[in-house]
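Each remark here refers to the structure printed beneath this line.
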Amino acid sequence: SSERREYLPCGYLDVGSIVIAPNLAFYDSPLWNMALIASRLHLVWVATVCGRIKTDYRYSNTLGWNTFPVPPLTEKNKADLTRCAEDILLAREHHFPATIADLYDPANMPPDLRAAHERNDEVLERIYIGRRFKNDTERLEKLFDLYTKMIASTAPVKG
Numbered sequence: 001s002s003e004r005r006e007y008l009p010c011g012y013l014d015v016g017s018i019v020i021a022p023n024l025a026f027y028d029s030p031l032w033n034m035a036l037i038a039s040r041l042h043l044v045w046v047a048t049v050c051g052r053i054k055t056d057y058r059y060s061n062t063l064g065w066n067t068f069p070v071p072p073l074t075e076k077n078k079a080d081l082t083r084c085a086e087d088i089l090l091a092r093e094h095h096f097p098a099t100i101a102d103l104y105d106p107a108n109m110p111p112d113l114r115a116a117h118e119r120n121d122e123v124l125e126r127i128y129i130g131r132r133f134k135n136d137t138e139r140l141e142k143l144f145d146l147y148t149k150m151i152a153s154t155a156p157v158k159g
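For the sequence shown, full-length UniProt numbering assigns the number 1 to the initial residue and increments by one for each residue that follows.
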């Protein structure tokens, strides 16, 4: 995805859809996972831990998704995030047949799509810290704090 984009464009495909490289698919994934991937938090993580080709992000499920720290989610959290993902998809649908390139061009992003992403960020960030993050530095600090705890709890016991 282009470094100019404020969000990683992702979507939800029908059963039987074929995804070819370099794209990735998460099969049988709950819709709230899309809300995580489509968030500013996830973009900041990917920009930090994944590689690049030229100036574009090179998404890696191993580095970008499998290491992305997510706090424990309640059923209400999952329902709220599912609604956010639905709102993003509905906002995109309002602009059919616009392409992802059209929709996610920062200079021309439709206001309703931007608002859906902003709402998604607000919901997700409140799950993480109870409020919106001040900036990307604060986002990364929290993510690396959670990541450190995540890997410490799964580290093999020596001795």
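Think of the CB as a built atom: it goes at the ideal place given N, C-alpha and C, for glycine as much as any other residue. Quantities reported herein were computed from a predicted structural model and do not represent experimental measurements.
Let me confirm a value: residue i is counted as buried when at least 16 other C-beta atoms fall within 10 Å, else exposed. Which label applies?
i      : result
Glu122 : exposed
Ile127 : buried
Val19  : exposed
Ala107 : exposed
Gly16  : exposed
Phe133 : buried
Ile129 : exposed
Arg139 : buried
Glu75  : exposed
Glu125 : buried
Return the first residue and the last residue of the alpha helix (DSSP H) that residue i is part of.
i      : result
Glu6   : No alpha helix (DSSP H) contains Glu6, which DSSP labels as neither H nor E.
Arg119 : 111-129
Trp45  : 40-49
Asp80  : 75-93
Asn33  : 32-37
Ile100 : 100-103
Ala152 : 136-154
Cβ atoms of residue j and residue i: under 7 Å apart, would you say?
i      : j      : result
Ala85  : Ala35  : yes
Thr82  : Leu31  : yes
Tyr7   : Ala38  : yes
Leu143 : Pro71  : no
Asp136 : Val44  : yes
Tyr104 : Pro9   : yes
His95  : Pro110 : yes
Going by the C-beta, is residue i closer than 6 Å to any heavy atom of the ligand GTP?
i      : result
Ser153 : The ligand GTP is not among the ligands present in this structure, which contains no ligands whatsoever.
Report, in whole angstroms, the separation of the C-beta atoms of residue i and residue j, which I expect to be a contact under 8 Å.
i     : j      : result
Asp87 : Arg119 : 7 Å
Exercise. Within the chosen definition, does the stretch 82-96 reach the stretch 63-74 through at least 3 CB pairs nearer than 8 Å?
Worked result: Verdict: no, contact absent.
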